[in-house]
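In the numbering used here, the protein residues as written are 4 to 124.
Report on the structure given below.
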């Protein structure tokens, strides 16, 4: 039971043997998004991951920056802005999350509805 903890905070532990209802009650107490500690990582792992992603994106943008002019007279910023606008035009419209939740309510009996709403959000 609580003697077998998977994380230092004690949030994640092996529940006592019991009924399905007791397991479901335990699952309902778990956080909606997992904390880095469940994977054995420090709480700053989320920050580190975000910094690494940002660094990677900025590195890619800098790699796209021309070392010299291409003769077109366009600045690197203008060309990058054109590229970003072109990519944005190709993106699909945002989903109507409220309509999806109304049509596919998040209830325990319909777990795929939960997955759908999470993916749309």
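All C-beta atoms, glycine included, are put in the ideal place defined by N, C-alpha and C.
Residue range 23–32 is occupied by the alpha helix (DSSP H) that includes residue 29. DSSP assignment within the region 54–111 yields the following whole alpha helix (DSSP H) runs of 4 residues or more, N-terminal first: 79–93 and 100–106.
If you ignore the 5 residues before and after residue 15, its C-beta comes within less than 6 Å of the C-beta of 9 and 41, all in its own chain and listed in chain order. In the DSSP secondary-structure assignment, residue 16 is bridged to 8.
Assignment of residue 40 by DSSP, reduced to helix, strand and coil, places it in the helix class.
DSSP places residue 116 within a helical segment (H, G or I) once states are collapsed to three.
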